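A.B. asks: In terms of the UniProt record's numbering, the sequence shown opens at residue 1 and continues consecutively. Glycine included, C-beta positions come from ideal geometry on N, C-alpha and C. Remember, predicted model here, so these are calculated numbers, not experimental data.
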Amino acid sequence: MDNPIWMIGDIQGCGTPLDALLKHPEVDQPGSRFWFAGDLVNRGPQSLASLRRIKALGDRAISILGNHDLHLLAVSAGIRAPSKNDTIQEILDAPDAQELIDWLRNRPLAHFEAGHLMIHAGVLHKWTAQKTLALAAEVESVLRGKNWQKGLQKMYGNEPVQWRDDLTGSKRIRIIINALTRMRMCTIKGEIDLNSKASPRGQRNGTLVPWFDVPGRATRDVTVVFGHWSTLGLMVRPDAICLDTGCVWGGQLTAMRLQDRRIIQIPCLQCQNPADFPG
C-alpha cells in the first residue's frame with residue numbers, strides 16, 4: 001500500500017482531539033500524510049496549539065484555507081474586527097504570531113492528487129478540477145504577495161452570485177473565495193446562496209440544492225473532498241465526500257484514509273459551544 005493519506009475535517013481550534021487523532025495507532029505511522037480540509041482555527045479552545053501542531057507537520061501536511069482561516073488573516077491585517085465568539089486572539093498575541101500568519105497565508109485553497117480534489121466548502125458547477133486549481137492559484141497569489149493585506153480588503157460580500165469568465169478585480173477574487181470557502185447551497189442554475197447553513201433537508205421549498213448536486217457539475221469525474229458543512233455531516237459518495245462532523249459543536253473529528261475509505265473519528269465533547277450556529 002502507498003503511504004497513507006488521511007483526509008481530515010474541520011478542526012476549528014479543537015487541539016485535544018487533533019492530538020488524539022494524530023496519535024491514533026493507525027494514523028501515527030512514519031509514512032502517513034495529512035490533508036486538512038480547512039478551518040484549522042477559531043471557535044474551539046486551542047486555536048494556537050492547533051495551528052502550531054499542524055505547522056510542525058511540515059511537508060507531511062497539506063492544509064487548505066477555510067473561511068475561519070481567512071478571517072484570522074483579515075483580523076491580523078486590521079481589515080476585519082474580531083467577533084464575540086472568536087478564539088484567535090491567542091494567536092495574534094503569540095510570540096510567533098507573524099511566523100504563523102505568514103505560514104497560514106501561504107497555504108493553498110485547493111489541492112488535487114490521486115483523483116481527489118480537496119477544497120474547504122464547494123466548487124461551482126462550471127469549474128473542472130483543473131480550472132478550480134487555476135482559480136484558487138489566483139487568490140493564492142494575492143495572499144502570498146507583498147501587499148496581501150490590501151488584497152483582502154474587498155474579500156467580504158455576497159456578490160456576485162454566479163461565475164462568469166470575464167469577471168475581473170475584486171468581484172472575481174470574491175466569488176472564487178466565496179465558492180471555495182463559504183458555499184453550501186445553490187440554485188439549479190448554479191447561483192450561490194450564502195444565507196443557507198442548514199442541512200439540505202431543511203431548505204425552503206426545494207428551490208435550492210447542495211452545490212454538489214447542481215446539474216452538469218464539471219467535477220463529477222473526480223472525488224471532491226470538503227468540510228465546512230457540519231449540519232450535513234459525514235457524507236461519502238463516489239463524487240463527493242464531506243468530512244465536517246461538527247467537532248467544535250460537540251460532535252467528532254473525522255479522518256478518512258484516501259486509499260480505502262477507512263474512517264477514524266475522535267469525540268470532541270469538550271469543544272461543545274451552543275452559543276452560535278455553525279458557520
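Helix or strand or just coil, what does DSSP make of H68?
C.D. replies: Within the sequence shown, residue 68 is the residue found at index 68, counting from 1. Three-state result, H68: helix.
A.B. asks: With distances taken between CB atoms, is the gap from I64 to I11 smaller than 8 Å?
C.D. replies: For this step, residue 64 is matched to residue 64 along the sequence shown. For this step, residue 11 is matched to residue 11 along the sequence shown. No, they are not a contact pair.
A.B. asks: Quick check: what's the CA-CA separation for G246 versus T231?
C.D. replies: Your numbering for residue 246 matches position 246 in the sequence shown. Your numbering for residue 231 matches position 231 in the sequence shown. So the two alpha carbons sit approximately 8 Å from each other.
A.B. asks: Using the DSSP secondary-structure output, state which residues sit across from I241 in a beta bridge.
C.D. replies: Translated into the one-based positions of the sequence shown, residue 241 becomes position 241. Answer is V225, V236, bridged to I241.
A.B. asks: With C-beta atoms as the reference, is G9 less than 8 Å away from T219?
C.D. replies: Counted from its first residue, the sequence shown places residue 9 at position 9. Counted from its first residue, the sequence shown places residue 219 at position 219. In this structure, T219 does not lie closer than 8 Å to G9 by Cβ.
A.B. asks: Kindly indicate which three-state DSSP category E113 falls into: helix, strand or coil?
C.D. replies: Translated into the one-based positions of the sequence shown, residue 113 becomes position 113. It is a strand residue.
A.B. asks: Just to confirm, are P200 and P215 a CB contact at a threshold of 8 Å?
C.D. replies: For the purposes of this step, residue 200 is taken as residue 200 along the sequence shown, with counting starting at 1. For the purposes of this step, residue 215 is taken as residue 215 along the sequence shown, with counting starting at 1. No.
A.B. asks: Which residue marks the beginning of the beta strand (DSSP E) containing P267, and which one marks its end?
C.D. replies: Numbered from 1 along the sequence shown, position 267 holds the residue referred to as residue 267. Segment 263-267, the beta strand (DSSP E) holding P267.
A.B. asks: Alpha carbon to alpha carbon, how far is V41 from I62? Give it in angstroms, no decimals.
C.D. replies: Taking the sequence shown and counting its residues from 1, one reaches residue 62 at position 62. Taking the sequence shown and counting its residues from 1, one reaches residue 41 at position 41. Spanning the two alpha carbons is a distance of roughly 15 Å.
A.B. asks: Taking its Cβ as the centre, do 16 or more other Cβ atoms sit within 10 Å of Q46, making it buried, or is it exposed?
C.D. replies: Within the sequence shown, residue 46 is the residue found at index 46, counting from 1. Under this definition Q46 is a buried residue.
A.B. asks: For G58, which option in L180, L234, R107 has the closest C-alpha, if you only look at C-alpha atoms?
C.D. replies: Here residue 58 refers to the residue found at position 58 when the sequence shown is read from its first residue. Residue R107 is the option with its Cα nearest to G58.
A.B. asks: Whose CA, out of I188, G122, I101, A134, lies closest to the CA of A77?
C.D. replies: Here the question's residue 77 lines up with position 77 in the sequence shown. Cα-wise, what sits closest to A77 is I101.
A.B. asks: With C-beta atoms as the reference, is W163 less than 8 Å away from K126?
C.D. replies: The residue labelled residue 163 in the question sits at position 163 within the sequence shown. The residue labelled residue 126 in the question sits at position 126 within the sequence shown. Yes, the Cβ-Cβ distance between W163 and K126 is below 8 Å.
A.B. asks: Going by Cα to Cα distance, which pick from I88, S32, I79, P30 is closest to D39?
C.D. replies: Here the question's residue 39 lines up with position 39 in the sequence shown. Measuring from the Cα of D39, the nearest candidate turns out to be I88.
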